[in-house]
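Chemist:
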Amino acid sequence: MKKEYGALVVGAGIGGIRAALDLAETGLKVALIDARPSLGGILTQLDHQFPSDHCGMCKMLPLTQRDQSSQYCLRKGIFHKNIDIYLHTELSGLEGDPGKFQASLRRRSTFVDPTRCVSCGLCAEVCPVRVPSEFNAGLGQRTAVYLPVPHNIPNHYVVDLDNCQRCWRCFEACPTKAIDFKFSERKDFHVIVASADEQLSQDLSLWLKDENFPLHLTASGEEAITLLASGLECGLLLLDLDLPPAETERTLRRALELRPGLAVVLLTGPGKEEAGAGLLELGARETLSKPLNKALTVPWLDKLFMRLVSDETLTFEVGAVILAAGFECYNPADNPNGCADLMLYGSHPGVLTSLEFERLASSTGPSQGLLARPGDGKPLRRIAWLQCVGSRDVKKKADFCSSICCMISIKEALLAKRLSGGQAEATIFYMDMRTSGRDYQRYRDEAENSAGVRFVPARPHSILPGPDGDLLIQYYDYSGELREEIFDALILAVGVRPPKSMERLAQAAGIEVNDSGFCSTKYLSPNRTSRLGVFAAGAFGEPTDIRGSLLQAGAAAMGASRMIRVYRGPRDETPEAEPQYTDVSRQVPRVLMALCTSCPTLERNVNSELLHQRMEVLPGVVKVVDVERACTREGWESLRQEAEATEPNRVLIGACLPYVHVPRLRELGEALRLNPALMDVVDIHTASFSGRVTSFGGHAACLASCATEPGASPGVCDCGEAARTNEMSSLLAMAAAKLLGADPSSLPQATPVSPQALVVGGGLAGMTAAMGIADQGFKVVLVEEAEHLGGLAMNLRYTLEGDDPVRFMEDLVEQVEKNPNIRVLKDSRVVLSRGKAGRFVTVVATGEGVAHTLHHGATILATGGHEVKVYEYGNRVHKCVLTQLELEQRLAAGSLDASSLKSVAMIQCWRSREESRNYCSRVCCQGALKNILMLKKRNPGLPVYVFYRDIMTTGFSERFYTEARRSGAVFIRYTPDSRPKVEFKDDKPVITALDPVLGADIELHPDLLVLSSGVEPSDASEIADLFGVGLTADGFFQEAESKWRPVDFLKHGVFACGLALGPATMRDSLLSAKAAAQRVVRILNETHLSCGNVVAEVRHTLCSRCGRCISACPYGARSLNLDRDKIVVDELLCQGCGSCIAACPNSATVLRGFHDEQVMAVIDAALAVQPSAAARL
Amino acid sequence: MKKNTHPLISFTPETHQHAVDGGLAAIQGMVRACMQCGTCTASCPNAFAMDLAPRQMWRLLLFGLQQEVLESRTFWLCSSCYSCTLRCPRGLPLTAAMAALKRLAGAEGDHANRKKALFYQEFMRNVEQNGRVQEMGFMCHYFLAMRDPLLPLEYTPLGLKLLGKGKLHLGGSAQRGRLGPLFAKVRSMEGAS
Amino acid sequence: MQELIATLETQSDPLPGAAFEPAIVAFVCNWCTYTAADLAGTSRMVQSPNVRLVRMMCTGMVDPKYIIKALLGGADAVLVSGCHPGDCHYINGNYKARRRVKLLMEILPRFGIDSRRIKLTWVGASEGNEFAATVNRFAAEIKELGPIDTRRLPLL
Amino acid sequence: MGSIARIEVKDGNPVAALQNFCARLLADSEITAVLAPRQLPGNRGAMPALVAAPEQLHDIDPLAPSFRLNAARMLTRLTRGADDGGLVAALLRPCEVRAFIELCKLNQGSLENTLLVSLDCPGAFSNTDYPRFAANSGDTWSLVQFLGTSGRGTHGGIEIARACCTCEHTTGAEADLSIGLFGQDVEKGLLLMANTPRGEGFMTRLGLPEATDDGSRDKALEALLAERRAAQELMFAETTAATSDMTGLSQFLSACVNCYNCRAACPVCYCKECVFLTDVFEHKPWQYLSWARQRGALKMPTDTVFFHLTRLAHMSTACVGCGQCSNACPNGVPVMELFKTIAAATQKAFEYEAGRDPGEAPPLSVFREREFPELTGGLD
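Chains as they are written, first to last, in the working numbering: chain A, 1 to 1177; chain B, 10001 to 10193; chain C, 20001 to 20156; chain D, 30001 to 30380.
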């Protein structure tokens, strides 16, 4: 099987999904694979994300042309017409060059046929195996046949062959025969044994007698080869290494020549390890140690057989590859130094990892969201978090910060408070609280000040068992006092590690990994791996949070998309045509109802005749048909034929798992030329399963009647059947009522797209974004207010990582200015903008007073920021006071002689991380370290004192903090309550401050005082007004959603990136710029943008123009057109939430698919009393 | 210094320079990467008896306050259990630094420090020879080394008390000399680190 | 149409003395509670059969009319359930829904519709068990409360 | 407290004094017209008239205890989208002022284009009662006597409308200017009070003599409000008792014929067309039949209770209690009683008062992230 895809995305966590969506939305076909049997990565296990402390993943779904993808909870799964998903699949090799890679994949069988499995769970009920559940992070058990994630769509059971005991009970229990252990193929699986060991041959033939494998015993390699050459359909060759070495090697080579890919297993004895290793390299599959014993050999052989006949190898031709294999949580039990016991992890039930805590707090977790201690079930009321477990620890091979744990712990502390109704006391023990995101500090402050979370800067080391199963934690506080506290639980904020499969994956993809085992990327090309055409997305290249992962994924998608376009030539000028549907708006509704009869439960539990009869008399229903197995292609084919004959203009399907059928409805729609919005699938399966004996909306007749029949148990009697039939009729009637009222008129006309982008701001982010768009063949106008391109980044002289930012920026400016697709307007500003996604008209005025009118389909705002001006602490009065950036420039220019200095002091977080600039600027810690290391390089003995609150060296920049410490810089923590005081004597600063470690005041007389003043955004209020977007309290752009839509605005078609969006390093700016560029390409790539099927419309004759809908609309999709005095809806901005329809008192605004008439008819149908059992027929 | 008395320590670059020139520089180098997490203090079984918690001592050391460091009895109380070294997330050779401080104090310190250094030296020599402390022999050697005729009198009440409770061993040991190789190994390891 | 009437005529009144089974109409949002309900269903969680789900895109689109219609039409109770605060797929629809439910809570109970018959809950997409529990608790509560009299009365 | 002036009354005729006042307004260059009640021919009461010419002011009678319709809706037509810069001065009852403010929040009218002048309101007779009152006592003397009693007691056996008896918003401090009657000797003079910057501006320009507040108005008002509140409590209690269950409500509304006059007369029911008159409620024949089958019998026309409950949900937070619904009902359904009772509850629930403050957003248009925890059992 060989398929062609635009891109292959490895890893279907959020990073992979984001990258896949970004590419799929631009029309590229994407293969999305994951080694796990489920989608969603680690986030399937995490229910709560700050700052909302719930989920919001669905906000990642496409906003335009949204009917191309699923419209349901993204944690449950995703469907997109351009994405093919392959689960349980790993990349095994990547050959070729960008534009035309040959990717080989190995797809491990789950042994369950997804087209048959109805997730009834009978298999798991009979499975005798119990192993720790991965989904619940080991808190709880699962069976060997299990649901990997209980809430996925589609959700099919999988067999974990490694833990299977081969009792075949699941096979027998499965009502739909979905489980396939290939019993029938055993007789064709010939096993050849080449061994001179007679005992072994005898044993094998005895042991395998009952397994039904044809066994061929040969005493030499020659014989085995002869057998193979004779055309025997051999499945496995067991090759004994006790045969002469030359013979074994020859046999192996020959066997593989005759049967490429043949499984050859080496039987090794003591002393043969080396020979075995050599033959493995030649292509042998694995080794098996002699002497063999039956208890191990038979299951092994059996499972090997099942793997060999069930697993698949896939080959794809792909233009580019995105690696988004995510990360794994550090397991304290894995610690090579054996410190797990010190933490009591694994030995005390109250010591949990943060992942385990997340599962405890999850309503799908082992305690269903009840915060109770595993083991004794004690409610958790005193909980401690211990930061940096497995991070920032050189002894645990982690000279990096995991970046996510601080915020996770704060969130978990708040979660604990919430879940316990405010009763839980939460304490976080930390070294530095790394709240290094735009709004993170405020989140922490709220946790501390409003919610009462306690933050203790200490690192407890001794965790001891306390009384009553509690934990005793001892620590020295900053004053040197020994403290002991009792806690119900200790949560270890475990750091991240590269995925366990990293080595294999890196080898298969041909990429390099860094010292920490993550994918190696360069600081200033963060989305690239060491191999051209292979990109890193998500947290694959550096530990990062959701927001960072999505930015990284967006950037990777941009890289891949650009690569594909570059190597595959200009884009296809004839994009796939949107399906054309027949206009049925003038027809009388004709509903075809199809009921799936594939499930045995349905037949057994429902009175099908009665159901048919009831459905046939429903208004509008022209025909009710049975479809066998609607879940299969054949089923749909028969349905299509039925529909072609009946010519309905509405189709209602009663089946199971409605979400699964969404893609099929599209196909059926295309075949019938009927809009899928006029079709629906109802889950009748769940109702058919219920063993209950009640009817809806009336009185349970059956209870009374059953009572009259002694011995009749509920659910078996006819009344149970009647109740189920009632429930099912009611569900179908409701759906039919909704379909009947569905608006068949065609959607508003699609908006033609102006294929040009406008980028406002010519700094690093703006230029990068412009390049990202221009390189993909679209015109860009880049507007810069200043007379030169470059912005803030032009002031940088060096980076921590050793790059040359000056050169980088000069190159970038040159590339931008030379790019034929980019038109640069310097000394210019936007004065007017109108329009919507796809069609903006903007007027730009240049310094000379020339006005340019631009037509563009999308806009990127990258207005940047600057270092905060310092007017306190003697800056601009005393020459000895500098900002970090000024120091960097002076050091680079040589105007400051480091060797002449006697001591230097730095103050971090100067006037930031407190109101009114209550955010971490992200760049100052790195800036300070950069300067420290430069000073120390030039004058190693120079004393440097750094006053800091928390050092925010997230990710791999942590190692520079270590380096700065090693170089001898002294770091002194201060709090906002006791900040260092600066006075000047003889023009020299005198700093007095409290050293919290010593509990003593210190006084310094440095030559130079360097202030980390942080960054602030350029004043963007005017631009924000012009484009109808929002700003945060700090003047940064307010994105649509800080985590899930990090570069979007609520107003679609306008995007932001760089420093204007929030404090950012060069790397951050590059990532957000590339991600934003890809979002723009997504719009420009279309010739027309059409809206979704669920979209709001105004009935102008009824409208009183009160404007309630305008303020109710969260997307700004509505406005009052003053010229026409009408409320107008921008159908591209409208996401179909229906806020407007509830706000409108007289239904002057309506939502397609949810007209009042429809909803009220559904309510009527829901409340219709079904005939009772006694009265049926 | 456990109570927050906030004494004013005044730094000038000059005192720091002096410290760097002195013997302290090498020890500073051992603990420079310290980030004051306090794991060492938390792990130290003797921290309760120390006048400066280990974390505080490293701090003084990094500030270059040689006198304050050497006046402390903290490093003398280090029993070389290596807990701190094992647990330090920065992988610093803390026990070695303690030992280095002992040596520095012995070499450069004042009378009080010499006294402690000698006590420590004699204690360890005694242990190395006997496999455990032979209190009598140890004290005799210590008194001799101190060359202070009045010193034994200071210890007489304590000695009698211990003797009364049977806590003073007067001599003779089957363990004699067995710890030699162990001490040699530690010496070589500390030399290497 | 004749057939329809004919079928409808086969219905009989509830048997006297039979246990009361309430009819509950649940307006649930597409993104959170509907998926939770689907999860509860596909996971075969035991849940009360008394609830009919009416899928809305968002609780913010639940018009007060719908709730009034359901209660007058004989629903013994109405459940409105959506995403947790801060979680709304559409930013803030659930907050708007909360105000509307508050409004109806001030109106309908004054006419003898017990306030317990109107319920607002937040159930996230992964909280299948929470949904099942909510529904079961609610159904039990309404069973206790007895049937609403709008079905019985010759209402105007 | 803004400045206070005195409107002198000559010849014991306050109506003439107010006509004169209107003339002064009209003389101001900024005022293009005056909207005020004008006597209808044949003692039928007063209806608003838009007077642009001063000589047409002779029939203006803002004091007639006739309240044929709520003029707020009329004023919205004069102000929404007006752009010529001139102001319409409107002499309104307090409930009209408050209804107008509500309508402005809903973008139906504009406070920018009007000078709101409210009059202390002693109450008015229903449309059917007024002609009887006027026939009995249609002269100035009886009007002065009526004003003196502030609408208390019966006047020739005729009581003022119940909405007015139970009204506690008898003054319109929300208007730019208010005219004080209570506690004044209306044969001698009336008070004019400025409440807004615009009101202050006009006060200066009108050149009326300054007056001081001697407290007599507040005292009279206090006494009146005490009675009104007591009456209101009684009405609430009666209505609540009568409609405490669905049977009661059905009886209460039983005379309703679904004519929707109440909603047409309601000043804050601003919809161009009520949803109950749109295709949403144009049911198919089979729907009626199916309902009839479900319930056994179906009252026609349908949806009566549904209509009133929905209307309560839609407008009770904006209800100003003017009573025009009852006034308009051809079948004597005590609509006002029901709506005012419920409105008191819903407005209290949202700490809202219809018409109190133009800056106060309608409760269903806004929300807070944390509120009403009792609805969800205290859980987020």
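Don't be surprised by glycine CBs; every beta carbon is placed ideally from N, CA and C.
Taking all protein chains shown into account, decide if N607/A is buried (16 or more other Cβ within 10 angstroms of its Cβ) or exposed.
Modeler: buried
Chemist: Do you know how far the Cα of R959/A is from the Cα of L10092/B?
Modeler: 15 Å
Chemist: Where does L739/A sit, in a helix, a strand or coil, going by DSSP?
Modeler: Helix at L739/A.
Chemist: Is E457/A helix, strand or coil by DSSP?
Modeler: Per the sequence shown, the amino acid found at residue 457/A is Pro instead of Glu. P457/A falls in the coil class under three-state DSSP.
Chemist: Can you pull the chain A neighbours of S30365/D, defined as C-beta to C-beta under 8 Å?
Modeler: R1108, S1111, A1112 and A1143
Chemist: Which residues in chain D sit within 7 Å of T20134/C, going by Cβ to Cβ distance?
Modeler: Here the premise fails: no neighbours, minimum Cβ distance about 10 Å.
Chemist: Do you know how far the Cα of E30187/D is from the Cα of D30026/D?
Modeler: Looking at the sequence itself, residue 30026/D is Leu, so the reference to Asp does not match. The straight-line gap from Cα to Cα measures roughly 24 Å.
Chemist: Buried or exposed, going by whether 16 or more other CB atoms sit within 10 Å of the CB of D20063/C?
Modeler: Buried.
Chemist: Provide the residue span of the alpha helix (DSSP H) that contains V297/A, from first to last.
Modeler: Note on residue identity: the sequence assigns Thr, not Val, to residue 297/A. T297/A -> alpha helix (DSSP H) spans K294 to S310.
Chemist: What residue range is occupied by the uninterrupted beta strand (DSSP E) comprising K30348/D?
Modeler: In the DSSP annotation of this structure, K30348/D is not part of any beta strand (DSSP E); the continuous alpha helix (DSSP H) holding it starts and ends at V30335 to A30349.
Chemist: Would you call the CB atoms of M1180/A and P98/A closer than 9 Å?
Modeler: Because chain A is modelled from 1 through 1177, residue 1180/A falls outside the range shown and cannot be assessed.
Chemist: Under 8 Å Cβ-Cβ, which residues of chain A neighbour C10197/B?
Modeler: Residue 10197/B is absent from the structure shown; chain B starts at 10001 and stops at 10193.
Chemist: Within 10 angstroms of its Cβ, does G231/A collect 16 or more other Cβ (buried), or is it exposed?
Modeler: exposed
Chemist: Under 8 Å: do the region 405 to 413 of chain A and the region 1011 to 1020 of chain A share three or more Cβ pairs, one atom per stretch?
Modeler: In this structure the region 405 to 413 of chain A does not lie against the region 1011 to 1020 of chain A, because fewer than three pairs of beta carbons, one per stretch, are closer than 8 Å.
Chemist: Check whether the Cβ atoms of G1153/A and Y659/A lie closer than 9 Å to each other.
Modeler: no
Chemist: What is the DSSP secondary structure of E810/A, counted as helix, strand or coil?
Modeler: helix
Chemist: In three-state DSSP terms, what is I1127/A?
Modeler: strand
Chemist: For S1147/A, list the residues DSSP reports as bridge partners.
Modeler: S1147/A pairs with nothing; no bridge assigned.
Chemist: What residues in the region 30304 to 30335 of chain D bring their beta carbon closer than 7 Å to a beta carbon of chain A?
Modeler: H30314
Chemist: Using beta carbons (cut-off 9 Å, strictly below), is L20120/C in contact with chain A?
Modeler: no
Chemist: Using 8 Å for Cβ pairs, my map puts A137/A next to L419/A. What's the rounded Cβ distance?
Modeler: That pair is no contact at about 17 Å.
Chemist: Please report the residue range of the alpha helix (DSSP H) in which V30/A lies.
Modeler: Run containing V30/A: none in the alpha helix (DSSP H); it sits in the beta strand (DSSP E), V30 to D34.
Chemist: Decide if the region 849 to 862 of chain A is in contact with the region 1024 to 1042 of chain A; the criterion is three or more beta carbon pairs, one per stretch, under 8 Å apart.
Modeler: Result yes; three or more Cβ-Cβ pairs closer than 8 Å.
Chemist: Using a C-beta to C-beta distance shorter than 8 Å, which residues of chain A count as neighbours of R10059/B?
Modeler: D995, V997 and L998
Chemist: For the region 606 to 628 of chain A, which residues have a CB atom closer than 9 Å to at least one CB atom of chain D, in sequence order?
Modeler: P619
Chemist: Out of A20019/C, A20040/C and K20102/C, which has the shortest C-alpha to C-alpha gap to H685/A?
Modeler: A20040/C
Chemist: Quick test of your reading: M10053/B and G480/A, contact by CB under 8 Å. State the CB separation rounded to the nearest angstrom.
Modeler: Met is not the amino acid found at residue 10053/B; the sequence shown has Ala there. Yes, they are in contact, since the Cβ atoms of A10053/B and G480/A sit about 5 Å apart, within 8 Å.
Chemist: For my contact list, L505/A and A325/A are in at a C-beta cut-off of 8 Å; report their separation, rounded to the angstrom.
Modeler: 6 Å
Chemist: Quick one: which residues of the region 471 to 486 of chain A get their C-beta closer than 7 Å to a C-beta of chain B? List them in chain order.
Modeler: Q474, Y475, Y476, S479, G480, E481 and L482
Chemist: Please confirm whether S104/A and L314/A have their CB atoms less than 9 Å apart.
Modeler: The Cβ atoms of S104/A and L314/A sit closer than 9 Å to each other.
Chemist: Between T30240/D and chain C, is there a C-beta pair that is closer than 9 Å?
Modeler: yes
Chemist: Alpha carbon to alpha carbon, how far is M771/A from D1048/A?
Modeler: 19 Å
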